[in-house]
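Using this note's numbering, read the sequence shown as starting at 366 and increasing by one per residue.
Read through the structure below, which is laid out as structure tokens, and then see the notes.
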Amino acid sequence: LIWLDADLAPVRDEKGDITHWIAVERDITERRLKDEQLRISDERYRLATLATHDVIWDWDFEAETIVWNDNMLGTLGFDPDEVPKSPDFWESRIHPDDRERILDGVYGAINSTDTNWTDEYRFIHADGRALSVVDRGFILRDESGKAIRMVGSIIDVTEQRDFEERMRQSQKMEVVGQM
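Written out as structure tokens, the structure is:
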């Protein structure tokens, strides 16, 4: 079986009567197979992002855009369809005390030969709270080694870090009490 794309055109005589048809057919089987592969790949991505609560992002360096998945709304408080696609948006939401360190780290990884970047920092939620997040990215490079794209995820670890801090404080109080 093959897929065909057909164009039909009537041929008319001097009186305007149709005398015959001309048909052009193109084999589009390869295109249809590629479209199906793309559909399956898109479905896998969609299902994978539904299976996690992570905020998934895709940063295209050449287009200077970042695309976010729907988990951005529940985790960071921003509707991914309404935020600017510019990296400036992400950079502006990094806590001011962490911004220089994070930007030095991420751009350092991008401009090196590294393929991975990971860091923890404070991200300003839409409601103004500072969340503790772990951000991981995988850097894709062209044949020459130039970074062209980075795909990654953000995990909110605020509750975990708050719990760890309460445990440290509790342990300190216990030591003071024993003294």
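Even for Gly, the Cβ is constructed at its ideal location relative to N, Cα and C.
Q) When DSSP builds the beta bridges, which residues end up paired with G502? A) W482 and G517
Q. Which of the three DSSP states, helix, strand or coil, is assigned to R494?
A. coil
Q: Have a look at W386, A371 and D370 and flag the residue whose alpha-carbon is nearest the alpha-carbon of R377.
A: W386
Q) Counting pairs of beta carbons, one from the segment 462 to 470 and one from the segment 415 to 432, are three or more of them closer than 8 Å? A) no
Q) Along the chain, where does the alpha helix (DSSP H) that runs through E447 open and close? A) Looking at the DSSP string, E447 is not in any alpha helix (DSSP H), and its letter there is neither H nor E.
Q | Close Cβ partners of D484 (< 7 Å) along its chain, the five nearest in sequence each way excluded | A | I467, G470 and D500
Q) Given A512, which residues of its chain have a CB within under 8 Å of its CB, disregarding the five upstream and five downstream residues? A) F426, I475, N476, I504, L505 and R506
Q) Does DSSP put E390 in a helix, in a strand, or in coil? A) strand
**Q.** Nearest neighbour of N436, chosen from M532, E529, I520 and M544 [CA to CA]
**A.** I520
Q) In angstroms, rounded to a whole number, what distance separates the CA positions of N434 and W424? A) 12 Å
**Q.** Cβ shell of V516 (< 6 Å), same chain only, five flanking positions each side left out
**A.** D423 and F503
Q: Please list, in chain order, all residues of the same chain as D392 whose beta carbon is under 6 Å from its beta carbon, the five residues on each side excluded.
A: I367
**Q.** Identity of the residue in Q402, G439, R411 and P445 nearest L496 by Cα
**A.** G439
(Q) Could you compute how far the alpha carbon of R458 sits from the alpha carbon of L398? (A) 42 Å
Q | Burial state of V541 (16 or more Cβ within 10 Å) | A | exposed
Q.
Using only CA atoms, which one of D370, G381 and A416 lies nearest to A388?
A. D370
Q. Is W455 helix, strand or coil when you go by DSSP?
A. helix
Q) Mind checking whether T478 and G442 have CB atoms under 9 Å apart? A) no
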